[in-house]
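Notes to accompany the following structure.
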Amino acid sequence: MTTNIPNPPLRQRKRRRGGLLPSPGWGYLMIAPALIGLVALYVWPFLTTFGKSFMDVPAFGPGTFTGVDNYTELLGDGRFWQALRNSALYTAILLLGLPVAIVLAALIEQVGRGRAFYRILFFLPVVTLPVAISMVWRFIYNGDFGLLNYVLSMVGVPGQYWVADATFTIYAVGAVGIWMNLGINLIILGAGLQSIPQDLYEASSLDGAGRVRQFFRITLPLLSPSVFLVTVLTVISALQMFDLIFVMLRSVNNTALADSKTIVYLFYEKAFVEFDQGYGAAIAIVLLMVIMAATLVQFRLQRRWVFYD
Amino acid sequence: MTDQFLRSRRLERAAAGSKASRHGEWVIHVVLAVSAVVMVAPFVWQLLTVFKSNREASQMPPTLLPEDPTTGAFATFFGSVPFWAQLTVSVSALVLRVIGQLAVAALAGYAFARLRFPGRKLLFGLFIVMLMVPSQLFLIGQFEIIRDLGMLDTIPALAIPGMFSAFGIFLMRQAFMSIPAGFEEAARLDGAGALRTFWYIMLPMVRPTMAALAVLTSLYSWNDLLWPLIVTPRGDRRPITVGLAGLQGQFGTDYPTLMAGAFVASLPLILIFLALQRQFFSGIASSGLKG
Numbered sequence: 320m321t322t323n324i325p326n327p328p329l330r331q332r333k334r335r336r337g338g339l340l341p342s343p344g345w346g347y348l349m350i351a352p353a354l355i356g357l358v359a360l361y362v363w364p365f366l367t368t369f370g371k372s373f374m375d376v377p378a379f380g381p382g383t384f385t386g387v388d389n390y391t392e393l394l395g396d397g398r399f400w401q402a403l404r405n406s407a408l409y410t411a412i413l414l415l416g417l418p419v420a421i422v423l424a425a426l427i428e429q430v431g432r433g434r435a436f437y438r439i440l441f442f443l444p445v446v447t448l449p450v451a452i453s454m455v456w457r458f459i460y461n462g463d464f465g466l467l468n469y470v471l472s473m474v475g476v477p478g479q480y481w482v483a484d485a486t487f488t489i490y491a492v493g494a495v496g497i498w499m500n501l502g503i504n505l506i507i508l509g510a511g512l513q514s515i516p517q518d519l520y521e522a523s524s525l526d527g528a529g530r531v532r533q534f535f536r537i538t539l540p541l542l543s544p545s546v547f548l549v550t551v552l553t554v555i556s557a558l559q560m561f562d563l564i565f566v567m568l569r570s571v572n573n574t575a576l577a578d579s580k581t582i583v584y585l586f587y588e589k590a591f592v593e594f595d596q597g598y599g600a601a602i603a604i605v606l607l608m609v610i611m612a613a614t615l616v617q618f619r620l621q622r623r624w625v626f627y628d
Numbered sequence: 016m017t018d019q020f021l022r023s024r025r026l027e028r029a030a031a032g033s034k035a036s037r038h039g040e041w042v043i044h045v046v047l048a049v050s051a052v053v054m055v056a057p058f059v060w061q062l063l064t065v066f067k068s069n070r071e072a073s074q075m076p077p078t079l080l081p082e083d084p085t086t087g088a089f090a091t092f093f094g095s096v097p098f099w100a101q102l103t104v105s106v107s108a109l110v111l112r113v114i115g116q117l118a119v120a121a122l123a124g125y126a127f128a129r130l131r132f133p134g135r136k137l138l139f140g141l142f143i144v145m146l147m148v149p150s151q152l153f154l155i156g157q158f159e160i161i162r163d164l165g166m167l168d169t170i171p172a173l174a175i176p177g178m179f180s181a182f183g184i185f186l187m188r189q190a191f192m193s194i195p196a197g198f199e200e201a202a203r204l205d206g207a208g209a210l211r212t213f214w215y216i217m218l219p220m221v222r223p224t225m226a227a228l229a230v231l232t233s234l235y236s237w238n239d240l241l242w243p244l245i246v247t248p249r250g251d252r253r254p255i256t257v258g259l260a261g262l263q264g265q266f267g268t269d270y271p272t273l274m275a276g277a278f279v280a281s282l283p284l285i286l287i288f289l290a291l292q293r294q295f296f297s298g299i300a301s302s303g304l305k306g
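Line by line, the protein sequences are chains A and B. 554 is the number that the working numbering gives to position 235 of the first sequence; each next residue is one higher, with no gaps. 156 is the number that the working numbering gives to position 141 of the second sequence; each next residue is one higher, with no gaps.
Encoded structure:
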């Protein structure tokens, strides 16, 4: 049924365009707080970091311009490459957790009763302090009396010093990262799943398609935009990981920390513990470039596998 | 005739499918239950450890239930950590940041969504660019500003940078844009000015988004470690995260005490989450952004 809405009388339309619309002044006034904050606390600091990355800055007092010295030093610094490798490995481990999240999200959508219960359980780590989570896992990973080694010993696997032996640290921290972020991924993927039209499933089951077939033929392709979103977000946040390392590995006598630092950990240490801000700034700029490159590559690749209808 | 026959065949197949799916339901619950156990096991282990003595917590093989349950860990924790002071700092910084973020984001989000002024697109673009830059790029400069203003070790120092997150503005702009223009036009025709329209007509309609933003901002504020670590060098006004991280240096492998601290510090936000689940879920779903 078509409803017949009369056009507003000409006089009123004219008035709307003229006096009743707020003047641009309101617009500027309303964005003023945001704009002042943005320029003072984001744009300016960004320029500061960029500028300092080309300077040698002592702990106090002004710095001196040294060109690309910080960057050449960085590229020749084994600890920097180690940190980059650690961050990349951690990110890769978190990406390996995504298929688990996809399957779990699909399963949770399938259950009728208990769906809310599972959602809450899987979300608990998201609302728990990361520092607290790290402390609990550090205890579980303890090489001498940790729960993990005990459980492993029951099935005959020898125990390890998970957070005190650099062979294992990134894997151990990565497992916690997967566990910690699962809840967030389930929410985003769950929202994507709910937007898939239900009649597609009904039609395909009338044609005799089983659940597994439906998952690969309907769910996965139609969920791919959400999977893409989760992938991009996971990479961005994983490349910035700091607190898990800071809490799980840092202690006076943990020698594994030296080989397990991530980019942001190295940045923190250089800029705010050793107060070598020029070098720290250069690390931050490289981090920005790495994240931008990783995101760009993913947007390029999405054409091959993301399905938009 | 053939049509009817085909339809009945289809229905039969569909019925067979649903029988299979009832069987599948069982498998699904087993998989989910096992995963759920993995998810909560660390929390359970933490709770069990809290009531053990340090000696019992560090023996191999470990005991499952505390042999001689004690609340000594809590006593040690509260006796050696200024927990209430840290809690006050965390809560004050959170409240300040949430109020500031909501005010800044609602005003700017509305202006970007609804008002026309020269340079609007350019300025919004600037916000979006800053949204994509990782937070570490701002830390050095933000630290200098806070230090030069003599604001190190203060609560505003913890809260202020987070108030101006471009993400909040983006979220609020999206919310305002989804409101049909008719509401606003009606208000204006009735003679309401820009501010009145904003406050009485538009703001109440984006309340769910504001709730989601508030919850998300709280989560970031409560969990943040790196920024508080940087701006509280003196250490007498530290939030819970920094205090908890420092606890480890103090207690080393006294795990019952550490677990007690981790538990007490996590509890407030977990309780708030249980009360406001929907806002948390919609906040995460709308953002997808992680802190």
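Even glycine gets a Cβ: it sits at the ideal position worked out from N, Cα and C.
In the three-state reduction of the DSSP assignment, Met560 (chain A) falls in the coil class, being assigned neither a helical nor a strand state.
The C-beta of Ser579 (chain A) comes no closer than 8 Å to any C-beta of chain B. Against chain A, the beta carbon of Ala90 (chain B) has no neighbour under 8 Å; the closest one sits roughly 18 Å away. When Cβ pairs closer than 8 Å are counted between the two stretches, the segment 451–467 of chain A is seen to touch the segment 75–93 of chain B, the count reaching three or more. Note on geometry: alpha-carbon atoms of Arg457 (chain A) and Met54 (chain B) lie some 16 Å from one another. Between Val59 (chain B) and Thr232 (chain B), the C-beta gap is not smaller than 8 Å, which leaves the two residues out of contact. Inclusion of Ala378 (chain A) and Leu501 (chain A) in the CB contact set at 8 Å is not warranted, their separation being larger than that value. In this structure, A:Ala425 is the residue among A:Ala600, A:Ala425, A:Val605, A:Phe594 with its C-alpha nearest to the C-alpha of Val46 (chain B). Residues of the segment 433–457 of chain A with a C-beta atom less than 9 Å from some C-beta of chain B are Gly433, Ala435, Phe436, Tyr437, Arg438, Ile439, Leu440, Phe441, Phe442, Leu443, Pro444, Val445, Val446, Thr447, Leu448, Pro449, Val450, Ala451, Ile452, Ser453, Met454, Val455, Trp456, Arg457, listed in chain order. A contact between stretches requires three or more CB pairs, one per stretch, nearer than 8 Å, and the segment 570–579 of chain A meets this requirement with the segment 480–488 of chain A. Asp518 (chain A) sits in a helix when the DSSP states are folded into three classes.
The C-alpha of Ser95 (chain B) lies about 39 Å from the C-alpha of Arg404 (chain A). Rounded to whole angstroms, the gap between the alpha carbons of Leu417 (chain A) and Ala120 (chain B) is 32 Å.
When rounded, the separation of the alpha-carbon atoms in Pro195 (chain B) and Ala612 (chain A) is 39 Å. For chain A, none of the residues of the segment 214–225 of chain B brings a beta carbon within less than 9 Å of one of its beta carbons. Beta bridge pairing from DSSP links Met374 (chain A) with A:Phe384. With a cutoff of 8 Å on beta-carbon distance, Ser579 (chain A) and Ile564 (chain A) are scored as near each other.
Ranked by how close their Cα comes to the Cα of Met217 (chain B), the residues B:Glu200, B:Val230, B:Ala229 have B:Glu200 in first place. Residue environment: Asp526 (chain A) is assigned as exposed (fewer than 16 neighbouring CB atoms within 10 Å of its CB, all protein chains considered). Among the residues facing chain B, Ile459 (chain A) is included, as its CB has a counterpart in that chain under 8 Å away. Per the C-alpha coordinates, the member of A:Ala601, A:Phe591, A:Gln621 positioned closest to Phe158 (chain B) is A:Phe591. The shortest CA-to-CA distance from Pro248 (chain B) to any of B:Arg203, B:Gly140, B:Arg162 is the one to B:Arg162. Within the same chain, Cβ atoms closer than 8 Å to the Cβ of Gly183 (chain B) are found at Gln116, Leu117, Val119, Ala120, Gly124, Leu228, Thr232, the five residues on either side in sequence being excluded. Scanning chain B for C-beta atoms nearer than 7 Å to the C-beta of Gly462 (chain A) yields nothing, as the closest lies near 10 Å away. Among the residues of chain A, those whose CB is under 8 Å from the CB of Trp60 (chain B) are Val455, Phe458, Ile459, Leu466, following chain order. Per DSSP, the unbroken alpha helix (DSSP H) holding Lys136 (chain B) starts and ends at 135–147. Cα atoms of Met166 (chain B) and Arg252 (chain B): separation of roughly 12 Å, rounded to the nearest angstrom. Residues of the segment 466–489 of chain A whose Cβ lies closer than 7 Å to any Cβ of chain B, in chain order: Leu466, Tyr469.
Chain B places a beta carbon closer than 8 Å to that of Ser570 (chain A), counting this residue as a contact. With respect to chain B, the C-beta atom of Ile564 (chain A) has no partner C-beta closer than 8 Å.
For Val230 (chain B), same chain residues with a beta-carbon under 7 Å away, outside a window of 5 residues either side, are Leu291, Gln294, Phe295, Gly298 in chain order.
At least one beta carbon of chain A lies nearer than 8 Å to the beta carbon of Asn238 (chain B). Residue burial annotation: Ile143 (chain B) is exposed, with fewer than 16 other C-beta atoms found within 10 angstroms of its C-beta. In summary, the residues of the segment 175–186 of chain B whose CB is separated from some CB of chain A by less than 8 Å are Ile175, Pro176, Met178, Phe179, Ala181, Ile184, in the order they occur in the chain. By the 16-neighbour rule on beta-carbons within 10 angstroms, Phe399 (chain A) is buried. Taking a Cβ-Cβ cut-off of 8 Å, the neighbours of Met274 (chain B) in chain A comprise Met454, Val455, Phe458, given in sequence order.
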